[in-house]
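Heads up: the sequence shown begins at 1 in UniProt numbering, then just goes up one per residue. Don't be surprised by glycine CBs; every beta carbon is placed ideally from N, CA and C. First up is the structure itself, then whatever we jot down about it.
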Amino acid sequence: MICEVSRGHILAQYDGQFYFAEAEMFFPSKGKMGFYLYRKFVYRQVEGERVPMSEEERDRVVGWMGEDFRGSLTEFVVVDE
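Next comes the structure, spelled out in structure tokens:
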């Protein structure tokens, strides 16, 4: 579940854990809002600290975030830099 978004991040909670993702908000046409999510900057957040994750865990969290945005007025683009 997406808990918070800003121009620079997304905070979400899945399976009782909080996850922080660095992201950039953008505004494509037709009144939509979008996010560029940077896959390598997705972390588990524990007591306000960002904890690195395995590639497998990161992919799972990015997939969950994508599902949460699907069907909304939001575009969601994953950047694999």
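Check	Outcome
State yes or no: is the C-beta of T74 within less than 9 Å of the C-beta of F35?	yes
Can you tell me whether DSSP reads R60 as helix, strand or coil?	helix
Take the Cβ of residue 118 as the centre, count every other Cβ of all protein chains shown within 10 Å, and call the residue buried at 16 or more, exposed below.	For the chain, the structure presents residues 1 to 81; residue 118 sits outside this window and is missing.
CB-CB under 7 Å to I10, same chain, minus the five flanking residues each way: which ones, in chain order?	I2, A21, A23, F35, L37, M65
Could you tell me if R70 is buried or exposed, where buried requires 16 or more neighbouring beta carbons within 10 angstroms of its beta carbon?	exposed
Pick helix, strand or coil for M65, following the three-state DSSP scheme.	helix
Could you spell out where the beta strand (DSSP E) holding E49 opens and where it closes?	49 to 51
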